[in-house]
Structure formats: C-alpha cells, structure tokens
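Beneath this line is the structure, given in structure tokens, with notes to follow.
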C-alpha cells in the first residue's frame, strides 16, 4: 500500500481515513495560514473556534439532530462517562435500568454501584458468553434512564435496532459504532462515543445530550463532571483536547464530502459486513462467535478449530500486511474491526487472504 | 521564519519545539515502521508502550525523581485535578491549606468547597490584584496537604522558591512552569501539569504522585477519578490520549538531547527573562505588573500608559509576526508567554520590536 501502510483492523485506536492523515501532515507546521501548528494555536482563537463549530455542525447534520440536542467534547473516554452519567442523572431514591451485553456494559454498571446508587440489570446475555443482544426486555416504568451499549467490541455483537423504552430516556455508549449507520436520535437522552474507533483519535469523547437531561444536573457535583459545564461553555470551560477535536472534524468532513454522507457510509459498512460474514459462513473453517441476528458490522469475531491455527493465522496475516486481527485479550480468537475508515478494498483483501489461508490449512 | 511560522507567545496551547513538530509530521503516515499513523496504533502495542515508558523514564531522569514517585498521564486538564485532589486526599474531618495566588488557585479552592470539604485559605495576594507571591505563611500543622500554584499564567507571578511546609505534603499545580527549572521534588505529595504550556499539546495532564499519597486513596470513588487506577495500570486502565503522550515524549527527548537537560533549560529561561524584564524596566514606557521578587520567567505581564496604545502594540506585533501577546481576557494589558519552546532568538526579536515600538510611540 501507499507509504508502506498496512491494512489496519485494530479495534481502537483504529484506522483513520488516509486523506485525513495527509491533511493533518501537510498543514502540521502551519495551520490555516496561522503560522502555527494546530497543536500551538489558542483554543480561544478564531482558528480553533471554526474547527470546533464545524465539528458540531457536521455532527448535527449527519445525525439529523434537532434543536434539543447539544454536542459536547469531553476528555476521559467512555470510561469517565460511566461515572458521570449516574452522577448527573440519578438522584436520591431513583434507579436506572442497564442492559448488560459485555465488558463495557459491566463496567458502566459497576460505576453506578460505586456511587452507592440503585441500578437494575434488566437484561443480560452473560448466560451465553455475551454472544447475543437480549430481546423483549421489560423495563421498569420508573427508571430514571435505560443504558445500553450499542456495539460490543469485545464480543462482536451490535443492537440491530434500539429497544422501545416507552419514553424513558435512552442512554447509549456508541463508542464503537457512532456514525456508522443511521438511527433516530429522538428517544436518546444522551449518546456518548470515545472517538478512537469510528470518528477520530484517542483523547476525546463525543457526547450528545438532550435539553431535558441537562435540567436534571445537580449543582453540587464537581465542575468538570457536570454536563452543564460543557453545554454552557461550548466545551471550552477549560482547554479542550484541540488536536483530537480537529481530527474528529476532518473525519466528519471526510464522511460528508468524500464518502457522501451517512446513508452511503451505512451502505458501504453493510457491504463490508456481508463480504466477511459470507466468507465465514461459507467456509466451515472459520466460525463466527456472535449469534447471527446480533452480529456486529463493526467488529467481526471468529474462531478456528484450534488456538494454534489461530496463532498461525494472525502471524501470517501480520506478515502479509493485515494488522490488529487478534481477538480481545479477555476472550482470545480473531477479530476484524472494520470501522468506517477500513475501506471495502481492505475487507476484500482480507477475505482473499482468509480464503487462501483456508485452502492451505483447511 | 521557516515555513512562514510566527514567533508564538501564546499562553497555552503554546509554541512547541520545531524539531518535535517536524518529527511528528515526517512520521505521521507511518510511525516507527508500523505501517500506521501514531494515531492509529493500539495503546496496548509495543510501539505505544515504548512511547509511554520513554516519557516516564525521561520525566524521572529530568526531575531526579526517586523510587517513591509515580508518573501518570490523566485526561481532563488541571481543572479535573482540582476536584480529584480533595476527592482522593481529603478525608472526613480533615482540612487542607490552600494559597490563593490568582485565577487557578481560586478555582482549585472552589472545587474543595463543592465537595463540602474543609479548606483554609492560609494566604492570598488578592489584596493587590494577585501581583505577588505571599511570604512567611503560617500553615496549619494538621492540614492534610498544602496546595499552591507554582506559576500564575494570568498575573505573571511565580514562586521563586517553594515554602517549607514542615513535612505536610505539598501539592502544586505546575501547569505553566513544569520542566522549566530545577526543583527538589521530595516535599511534594503530588505535582500536576496540563501539558499545553511547557511539555506538549492540550489533552493530557502529567501527574507525579508519591507512594504515601496513594495509600490514602479511598475505595468508594469513581474508578476514573482514583489516582490508584492510573498508578496500578501504568495509565493504561482505559485508552489514554496517545497522540498527546507521544508529543510529550518528543518534547522531553528534545529537552534532554537537543537543549541539553534541565540545567541548561533553566539557564536559557533565566536569560530570556532577564532580556525582556530589562527591556521593560529600562523603558519608562512599559510597566511590569508583577512585584519584582514575584515575577514569572514564563509569563511576562506588562502594561503601557493607555489601552489604545496596548491595542496598537498588539496589532503591530501581530502584523510583524509576533503572536499571542494579548493579556488574559480577565485582566487586559499585554503578556508574553516565553515557555521552553520560545527560544532566545524569539525573545530577542520581541525585545527589538518592543524597543522600536517604544521609539515610535514613546
């Protein structure tokens, strides 16, 4: 590949679009004629204001967000959101409903408990190693909110459609499928996404929060942990992670102007998924680990007949320029993370490699 | 200047060393032969591990830290530290001593109060618009810790030497003078520094914490707000801000290998300060705002006889390629931030410009 770059199937931090990387590189010593690097400009300058506001406008447009929604950029990753959510939205005497679909949901639940607050795990797929997304969930009508993880990076599952919570605000960790497909944002009280999978580099979390949620934020919590601090100051209460936000802005610009928007992106992602799952299902050699109706279009998890073969597969893939195919250290196996920036040609090349490997070893 | 770059006197985000920017640019599409950008590699890869550990080793060496100290990288800026410090180190029934030397100390004090904890402002320079560093402070012998802001970006003051707290752990916000001069770390329980002034880009805060402090961290606080989460996982509990840490590593490498270490850096910084303060003191046209014995070697704040003249100065300076000279929006006037990456030639050029401006307008 160009510049000796590999096919990058990392789960996160993950591949970024090559035109984005090239634009960063080419303007790195002098951003927008400022005579400074983007890492050296003031966060209160017109230059950065334009970057930040463009990222927000594009997010609103891509996701068709109405006036009720605020787009914020917060540091600390999705892991900090796990504690901020109950801190901001779970008052005394209230309880929240959580659906447990794996590692990240489990961590989110843990952070509610640490604060001594009430959480009800209304559904879980732990009984089958988190290999499916629970269906027909009975939510508690008095829940302050319902929390889900829209895509599960470790286990390779994804909500095909979102549950009807009957008006209870839905909160979703969309770290690993944000901006990969269309969805209706209106039932969501809050959506958050660590950038380092689909929308940018590590170091910033995008948070989309609805007006009515902000009214619930208590006064007596630390300033940096209040969503209102970010909504009232347009994410500029203190110095934001400028470079990460700048990269997110470029990725969103690429999504709109090069890819052609979210409809087109979803179409490409579906094609990518079909290609690789068809290879797995047609083989008898590779075995998908997620239930077919819960399969992720972002993280394709699969196994082979034994671990030595998996090791050989990963080794030979690496030698052939395919990176990041090792499964999460907690579950083993193989995983191809095919986020937005992993193009269809990368997936085709991987499928070809998988077929060749099968022929030699099957 | 090279690549049409300006002389950057921004208060933060601020100038970065040109060789650091060039190295980032040159390897941006393919980091260390990985075939990926540094923004695309896994935080659990050998590539990133080397970056992180090199940043830590260099910090230890530059600051001569003994085994008791841990070097951590945390998101959220110094502002998040304001709340984490009392959350981790101020137990029930305890009280902390804070010295108020301006905007940032004031914010740090506010965050203790928000948590309903006891804070004693044992000294303040608010009576004279924070233009000096208080002396002969009587600390409370039962204070859990003493908090200071080592350099005050807004008012241009700096602690010339640190107070003797008689064994009470000293905690310092060193955001704006970290790695600019030598100091003895042993009295410090914790040191923190938002990177975007002296040691890197926005998006990461360096935290240096002593073993005995970590033993005080309570169990029942959110995972991402516990210092032990970062010390136990070498700042890799969740995805860290990889790009920001990488830039910090390169800045520290530059400090050691190009500048020649902290002794040399301090010598250069003293020379830079002498040059610009001599220009101010010798003029009768420019007036320094900080008390001479409390002057900062990082942020040089000065005024002229009237605001129109100051506006003219900033306008003409900008036209002549000198950026970031406007005083903080809360106090007005002029300010030249001369952090490590603002070389002596930049300061000499500024002094020449100031002399010319004085001749024309004095």
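Residue numbers (my numbering), protein chains in the order written: chain P, 113 to 474; chain B, 113 to 474.
Using N, Cα and C, we set each Cβ at its ideal position, and we do this for glycine too.
This one's a predicted model, so the numbers in the text were calculated from it and none came from an experiment.
Query: Return the first residue and the last residue of the alpha helix (DSSP H) that residue 430/B is part of.; Result: 419-431
Query: Any contact between the stretch 277-286 of chain P and the stretch 432-448 of chain P? By contact I mean 3 or more CB pairs, one from each, below 8 angstroms.; Result: no
Query: Mind checking which residues open and close the alpha helix (DSSP H) that includes residue 463/P?; Result: 456-473
Query: Label residue 154/B either buried or exposed according to how many other C-beta atoms from any shown protein chain fall within 10 Å of its C-beta, with 16 as the threshold for buried.; Result: buried
Query: Could you tell me if the beta carbon of residue 409/P falls within a distance shorter than 7 angstroms of some heavy atom in the ligand NAD?; Result: What this structure holds is no ligand at all, so the ligand NAD is not there to describe.
Query: Tell me the DSSP secondary structure of residue 400/P in three-state form.; Result: strand
Query: Of the residues that make up the stretch 226-237 of chain P, which ones have a beta carbon closer than 8 angstroms to any beta carbon in chain B?; Result: 226, 227, 228
Query: Could you tell me whether the stretch 166-186 of chain P touches the stretch 310-326 of chain P, using the rule of 3 or more Cβ pairs below 8 angstroms?; Result: yes
Query: Given residue 195/B, which residues of its chain have a CB within under 8 angstroms of its CB, disregarding the five upstream and five downstream residues?; Result: 223, 226, 227, 337
Query: In this structure, how does DSSP classify residue 302/B when only helix, strand and coil are distinguished?; Result: strand
Query: To the nearest whole angstrom, what separates the beta carbons of residue 255/P and residue 209/P, a pair I think is in contact under 8 angstroms?; Result: 4 angstroms
Query: I need the straight-line Cα distance from residue 347/B to residue 426/P, nearest angstrom please.; Result: 27 angstroms
Query: Using Cβ-Cβ distances below 7 angstroms, what residues of the stretch 139-163 of chain P are close to chain B?; Result: 140, 141, 142, 147, 148, 149, 151, 152, 153, 154, 155
Query: Going by other Cβ atoms of all chains shown within 10 Å of its Cβ, with 16 needed for buried, is residue 375/P buried or exposed?; Result: exposed
Query: For residue 264/B, return the contacting residues in chain P, with the cut-off set at a CB-CB distance below 9 angstroms.; Result: Simply none; closest approach about 16 angstroms.
Query: Measuring CA to CA, which of 250/P, 329/P, 362/P, 349/P is closest to residue 156/P?; Result: 349/P
Query: Using the rule of at least 16 other Cβ atoms within 10 Å of the residue's Cβ for burial, across every protein chain shown, is residue 145/B buried or exposed?; Result: exposed
Query: Express the C-alpha separation of residue 362/B and residue 129/P in angstroms, rounding to a whole number.; Result: 25 angstroms
Query: From what residue to what residue does the beta strand (DSSP E) around residue 261/P run?; Result: 258-261
Query: Which whole-angstrom value is the C-beta distance of residue 293/P and residue 381/P, which I expect to be below 8 angstroms?; Result: 7 angstroms
Query: Give a yes or no on whether the C-beta atoms belonging to residue 245/P and residue 139/P are separated by under 8 angstroms.; Result: no
Query: Do residue 463/B and residue 387/B have their C-beta atoms within less than 8 angstroms of each other?; Result: yes
Query: With which residues is residue 361/P paired in a DSSP beta bridge?; Result: BP columns for residue 361/P are empty, so no partner.
Query: At the level of alpha carbons, what is the spacing between residue 170/B and residue 308/B?; Result: 18 angstroms
Query: Got a sec, what are the start and stop residues for the alpha helix (DSSP H) residue 165/B sits in?; Result: 158-174
Query: In the DSSP assignment, find the unbroken alpha helix (DSSP H) run with residue 375/B in it and report its ends.; Result: 374-393
Query: How many whole angstroms separate the CB atoms of residue 248/P and residue 454/P, which I take to be in contact at a CB cut-off of 8 angstroms?; Result: 33 angstroms between Cβ atoms; not a contact.
Query: Using the rule of at least 16 other Cβ atoms within 10 Å of the residue's Cβ for burial, across every protein chain shown, is residue 417/P buried or exposed?; Result: exposed
Query: For the stretch 218-303 of chain B, list the beta strand (DSSP E) runs that are entirely contained and at least 3 residues long, ordered along the chain.; Result: 230-236, 258-261, 282-285
Query: For residue 137/B, return the contacting residues in chain P, with the cut-off set at a CB-CB distance below 7 angstroms.; Result: 137, 140, 141
Query: Could you tell me whether any Cβ in chain P is nearer than 8 angstroms to the Cβ of residue 133/B?; Result: yes
Query: If we ignore side chains and look at the alpha-carbon of each, how far apart do residue 230/P and residue 343/B end up?; Result: 29 angstroms
Query: If we cut at 8 angstroms on Cβ distances, does residue 127/B have a partner in chain P?; Result: yes
Query: Using the rule of at least 16 other Cβ atoms within 10 Å of the residue's Cβ for burial, across every protein chain shown, is residue 173/B buried or exposed?; Result: exposed
Query: Taking C-beta pairs closer than 7 angstroms, name the residues in chain D that residue 336/P reaches, listed in chain order.; Result: In the structure shown, chain D cannot be found, because the protein chains are P and B.
Query: Below 8 angstroms on C-beta distance, what does residue 446/P contact in chain B?; Result: None at all; the shortest Cβ gap to chain B is about 15 angstroms.
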